[in-house]
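Enquirer: What the sequence shown shows, in the UniProt record's numbering, is residues 1 to 132, in sequence order.
Glycine is no exception: its CB is placed at the ideal position from the N, C-alpha and C atoms.
The following block contains the structure, expressed as structure tokens.
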Amino acid sequence: MAKKSYDENGVLLSKKTLYSGDIIMVSYTGLLVQSGAQDVFLHIGFGDEWENSSFIPMKYEEGTFIAEFEIQECKKFGICFKDTAENWDNNTGENYVFSVSQKPLKKDTAAKKEKSTTEKAPKTKAKAKTKL
Numbered sequence: 001m002a003k004k005s006y007d008e009n010g011v012l013l014s015k016k017t018l019y020s021g022d023i024i025m026v027s028y029t030g031l032l033v034q035s036g037a038q039d040v041f042l043h044i045g046f047g048d049e050w051e052n053s054s055f056i057p058m059k060y061e062e063g064t065f066i067a068e069f070e071i072q073e074c075k076k077f078g079i080c081f082k083d084t085a086e087n088w089d090n091n092t093g094e095n096y097v098f099s100v101s102q103k104p105l106k107k108d109t110a111a112k113k114e115k116s117t118t119e120k121a122p123k124t125k126a127k128a129k130t131k132l
């Protein structure tokens, strides 16, 4: 789950619970927008060391900059924002960090079915009575 909320900083994610492989939309109305930035880039990195970091140009729509990205396999990711004048909004050096949840394991229905049949008590066969 995204344990931290940065709504007050103008950073919103399209989902509250985040999983690797999810496509997430980021909406940004923060400091750079309030300072009149014409173009904003989302900078994202995965894990503690910001692996596979990249810059994503954000699209401006009605006072908000928007970008989408796919969450890579990680336990957390960080984002921050920059404009073309190299001004940064990085949450006062802390970045905007979000936790990534583990997807619940899907139970194999075949294994589940097999387990349920092996746990049943064995049936006893009734002896047929024959009349002679």
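Please classify M58 as buried or exposed, where buried requires at least 16 other C-beta atoms within 10 Å of its C-beta.
Expert: Along the sequence shown, read from residue 1 onward, the residue named residue 58 stands at position 58. Buried is the call here.
Enquirer: Using a Cβ-Cβ distance cut-off of 8 Å, determine whether G45 contacts chain D.
Expert: Considering every chain present, this structure includes no chain D. It has just one protein chain.
Enquirer: Can you list, in chain order, the residues of its chain whose CB lies under 6 Å from that of T84, leaving out five sequence neighbours each side?
Expert: Taking the sequence shown and counting its residues from 1, the one referred to as residue 84 is at position 84. Counting only Cβ-Cβ distances below 6 Å, and skipping sequence neighbours, we find D39.
Enquirer: Have a look at T109 and W88 and give me their C-alpha separation to the nearest angstrom.
Expert: Counting from 1 along the sequence shown, the entry for residue 109 is found at position 109. Counting from 1 along the sequence shown, the entry for residue 88 is found at position 88. Note on T109: pLDDT 49, under 50, position unreliable in the model; no value is reported.
Enquirer: Smallest Cα separation from L12: which of Q102, Y28, D22, S20?
Expert: The count along the sequence shown starts at 1 and reaches residue 12 at position 12. Nearest of Q102, Y28, D22, S20 to L12, Cα basis: Y28.
Enquirer: Count the other C-beta atoms from every protein chain shown that fall within 10 angstroms of the C-beta of residue 213, then say buried if there are 16 or more, exposed otherwise.
Expert: In the structure displayed, the chain extends from 1 to 132; residue 213 sits before or after that span and is not available.
Enquirer: What's the gap between the Cα of F60 and the Cα of G45?
Expert: By 1-based counting over the sequence shown, the position of residue 60 is 60. By 1-based counting over the sequence shown, the position of residue 45 is 45. The identity of residue 60 in the sequence shown is Tyr, whereas the question assumes Phe. So the alpha carbons of these two residues sit roughly 22 Å apart.
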